[in-house]
Every structure is written in C-alpha cells, then in structure tokens.
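Here the structure comes first, spelled out in structure tokens, and everything after it is commentary.
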Ligand code: GDP
Ligand code: ZN
C-alpha cells in the first residue's frame, strides 16, 4: 500500500512541506478510539494520542484530529505513536449543535458525499437537501443515491429523477436497488481509487446495505479495523475507515450517519421541553426513556399524549449528541493517562539510550 492509496495527494504534500513537517512521518487517522486514535501509514498501524500542545498551537489547529485527517506523528515503537499536528484539511464534515454556535468536525478529507434517499414512503426532499447542504458546507462534492428503486415503477422513477434534477441542478444521481442489484455497478464505478467517500442519510434508507455491497461483506461490523492493542475488535467497529475492493476509501460511523437527519420541522426544541418535563416523573433519575419501567415518556406515548414521530426524532438527535459528548469527555480524561505513558516511555528511552 502506498500513501496515495490511503488518500495522500499533492494538497497534503505541499502543506506538509510549507509547514516544515517533512521530517515527521505522516499517517491517516482511520479510527477514533474512546482512548486514542488509530493512525495508518504504508508500514504500520499505530495507537496514537495527541501531545505536544506547542506544536499544535504552532500549526494553529486547536481542533482534535478526526477520522480522515492526515497527521504528523512521532513513532514511539512500532505500535504506538504521538500525534504532533494535523495537516490542513481539504474538506470537513461538520456537525452544528442546534443549541450552540460551535461546530464539531466529524470526519475530514472526504472527497465525495453520497446523500442517500429511498423512494419508498419515507421519500423526503427536504431531508435530502439538508444532507447536500452539509456536504456543501464542508466543501465536499455531493452525489445523490436514490435507493430502493425496486419498490416503484419505471414511470415513477423517471418522475422522481426529473424532480431531483430540477431541484438539485448539476448533482449526479445514481438510482440503485440492493434487492435487484440495479445501479450498483454504476455506484461502484463512481468510486475512484485513493478517493474518500461517505454515505449520509436517514436510518432505513439502505446505507448499510449499499456499503456492505461495496465492501463485499455481509456485515460492516465484521470488517472492523484490526488492532494491535489486544482490545476487542468491537471497540472500533463502525467508527472509522474502510478500504473498498476497488481501491476507494470509505468513512463511516454511527454519529455521521444521522447527521442533519433530525427533522427540525417537527419542532425539536418544543419536543425537548415536552420530554424533559415528562422526564421529571420517570421512576429513575437517569432514565433514557427507551425501555425503563416507570418511564413517564413511554407512558405518554402509550396514552397518545406524545407523538411517536416526535419521540423518535428526539431519540435520533440524542444519539447524535451523546455520541460526541461521550467521546469528547473520554478524550479529555484519557489524554492525561496517555501523557503519562509517553513521558515514561521517553524517560526510559533516555535512560537506556534506545
Ligand atoms: P440504513 O439504516 O440506512 O443503514 O439502512 P439498511 O441498509 O439497514 O436498510 C434498511 C432496510 O431497507 C432493510 O430492511 C433493508 O433490507 C432494506 N433495503 C435496503 N436496500 C433496499 C433496496 O434497494 N430495496 C428494498 N426494497 N429494500 C432495501
Ligand atoms: Zn423515562
């Protein structure tokens, strides 16, 4: 594997040079661990952590690395490394918090975003538009995948395609069906070697089915990134980067999948207020309102006092927010531990003049 097979190109090379980072190794962040990052270059996969705040500041990148980032690393041994800085990003997939002004980088350096919509009863052009807006916002080229075309007639499909072409001018449309395999070759040939892709769209539109098809496996989770750390594979599954049969690179994680898919029309704020006031009556203080006994929210749904669509919208948004809150907190806590580990390793290296 060459660096360019991992997505490295002239853009990153020239920035690396400009920033005087030629002396460092570079690697790509392929997974975000709860405790660290997995970074990969042509020879190794490392468990890596950030240190060297000064270097970070020098690069004026206060941000944490994200999957897809190119980072400058210092090797500690063949399995561990320290991330010294992030190379400037070509594109960014960003998440905006609904109640805050700050944004969070979910993935970096994606070349093409596939905005997936299905033609069945969930067909929703506003949602597709939000998806495309997120891509545009991050400077990522979009393409539309119209899935489940086995569920409508040829005329029905033509009508939808015309509608899409009128509304979203100059954006490629790939009609697919993972049931009849129609359009899957076209999707496959759309994907180029060494380029990075992601799939966005609401749950149920067929993203996993499409991705599994591209991966050539039955379960995306079975394709989890291998680790040297001895920790279970499941810890990184669905949290990173996948290498496709045709040389394309795919970034996928649960937080990314639902990004922007929360239907704001359903009045998120109002629903949150409604749910948090109900939640005061839940039996358990830490009730997640999913399956707990004595849950006032579930009870309200049962009594038709709370709209089920609004509730599921709430759960989606909560999932998205929780995912990032957790990792951020965890990162901060684990940063310290890793710092100690690095310090010790370096001390030992000095002591034994390794
Ligand atoms: P995701 O939530 O976007 O990852 O969607 P999944 O891939 O899990 O698919 C959701 C459901 O739609 C599953 O029951 C799939 O079997 C079904 N599905 C996926 N692709 C197609 C398709 O092309 N046609 C039909 N009829 N069903 C599909
Ligand atoms: Zn509850």
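In our numbering, the protein residues as written are 352 to 705.
Idealized CB from N, CA, C, for every residue including glycine.
Note that the structure is a prediction, hence the values are computed from the model and not measured.
Rounded to the nearest angstrom, what separates residue i and residue j at their Cα positions?
{"i": "residue 401", "j": "residue 532", "result": "43 Å"}
{"i": "residue 527", "j": "residue 466", "result": "12 Å"}
{"i": "residue 407", "j": "residue 560", "result": "With a pLDDT of only 49 at residue 407, under the threshold of 50, the placement of this residue in the model should not be trusted; the figure read from the coordinates follows. Distance between the alpha carbons of residue 407 and residue 560: 39 Å."}
{"i": "residue 361", "j": "residue 542", "result": "20 Å"}
{"i": "residue 412", "j": "residue 667", "result": "Any answer about residue 412 is weak, because its pLDDT of 38 lies below 50 and its placement is not dependable; what the coordinates show is given next. Distance between the alpha carbons of residue 412 and residue 667 is about 30 Å."}
{"i": "residue 469", "j": "residue 592", "result": "24 Å"}
{"i": "residue 491", "j": "residue 460", "result": "8 Å"}
{"i": "residue 551", "j": "residue 660", "result": "20 Å"}
{"i": "residue 651", "j": "residue 435", "result": "51 Å"}
{"i": "residue 487", "j": "residue 437", "result": "22 Å"}
{"i": "residue 601", "j": "residue 656", "result": "42 Å"}
{"i": "residue 396", "j": "residue 444", "result": "24 Å"}
{"i": "residue 513", "j": "residue 555", "result": "24 Å"}
{"i": "residue 544", "j": "residue 389", "result": "22 Å"}
{"i": "residue 505", "j": "residue 636", "result": "53 Å"}
{"i": "residue 429", "j": "residue 598", "result": "25 Å"}
{"i": "residue 603", "j": "residue 446", "result": "14 Å"}
{"i": "residue 582", "j": "residue 431", "result": "In this prediction, residue 582 has a pLDDT of 36, which is less than 50 and means its spatial position is unreliable; nothing more can be read from the coordinates."}
{"i": "residue 647", "j": "residue 485", "result": "35 Å"}
{"i": "residue 456", "j": "residue 483", "result": "17 Å"}
{"i": "residue 368", "j": "residue 352", "result": "22 Å"}
{"i": "residue 314", "j": "residue 477", "result": "Within the shown structure, residues of the chain are numbered from 352 to 705, placing residue 314 beyond reach of any answer."}
{"i": "residue 393", "j": "residue 356", "result": "9 Å"}
{"i": "residue 632", "j": "residue 624", "result": "14 Å"}
{"i": "residue 519", "j": "residue 493", "result": "10 Å"}
{"i": "residue 371", "j": "residue 539", "result": "38 Å"}
Hey, is residue i close to the ligand ZN, as in C-beta under 6 Å from one of its heavy atoms?
{"i": "residue 633", "result": "yes"}
{"i": "residue 648", "result": "yes"}
{"i": "residue 640", "result": "yes"}
Compute the distance between the beta-carbons of residue i and residue j, then report whether it is under 7 Å.
{"i": "residue 325", "j": "residue 442", "result": "Absent from the structure is residue 325, since the part of the chain shown begins at 352 and ends at 705."}
{"i": "residue 462", "j": "residue 391", "result": "no"}
{"i": "residue 529", "j": "residue 567", "result": "no"}
{"i": "residue 525", "j": "residue 537", "result": "yes"}
{"i": "residue 387", "j": "residue 398", "result": "yes"}
{"i": "residue 364", "j": "residue 419", "result": "no"}
{"i": "residue 634", "j": "residue 645", "result": "yes"}
{"i": "residue 564", "j": "residue 535", "result": "yes"}
{"i": "residue 376", "j": "residue 424", "result": "yes"}
{"i": "residue 439", "j": "residue 366", "result": "yes"}
{"i": "residue 508", "j": "residue 495", "result": "no"}
{"i": "residue 626", "j": "residue 665", "result": "yes"}
{"i": "residue 502", "j": "residue 471", "result": "yes"}
In this structure, how does DSSP classify residue i when only helix, strand and coil are distinguished?
{"i": "residue 643", "result": "coil"}
{"i": "residue 653", "result": "helix"}
{"i": "residue 352", "result": "coil"}
{"i": "residue 752", "result": "Residue coverage of the chain in this structure runs from 352 to 705, which leaves residue 752 outside it and unanswerable."}
{"i": "residue 498", "result": "strand"}
{"i": "residue 456", "result": "strand"}
{"i": "residue 522", "result": "coil"}
{"i": "residue 362", "result": "helix"}
{"i": "residue 627", "result": "helix"}
{"i": "residue 461", "result": "coil"}
{"i": "residue 513", "result": "helix"}
{"i": "residue 482", "result": "helix"}
{"i": "residue 600", "result": "strand"}
{"i": "residue 469", "result": "strand"}
{"i": "residue 566", "result": "helix"}
{"i": "residue 402", "result": "coil"}
{"i": "residue 438", "result": "coil"}
{"i": "residue 388", "result": "strand"}
Indicate, with yes or no, if the ligand PLP has a heavy atom lying under 6 Å from the CB of residue i.
{"i": "residue 554", "result": "Looking at this structure, you won't find the ligand PLP anywhere; what it does contain is the ligand GDP and the ligand ZN."}
Under the assumption that residue i contacts residue j (Cβ atoms under 8 Å), give the Cβ distance between them as a whole number of angstroms.
{"i": "residue 433", "j": "residue 378", "result": "Contact flag wrong, Cβ pair sits at about 11 Å."}
{"i": "residue 497", "j": "residue 511", "result": "7 Å"}
For residue i, is the beta carbon positioned less than 6 Å from some heavy atom of the ligand GDP?
{"i": "residue 528", "result": "yes"}
{"i": "residue 501", "result": "yes"}
{"i": "residue 663", "result": "no"}
{"i": "residue 558", "result": "yes"}
{"i": "residue 498", "result": "yes"}
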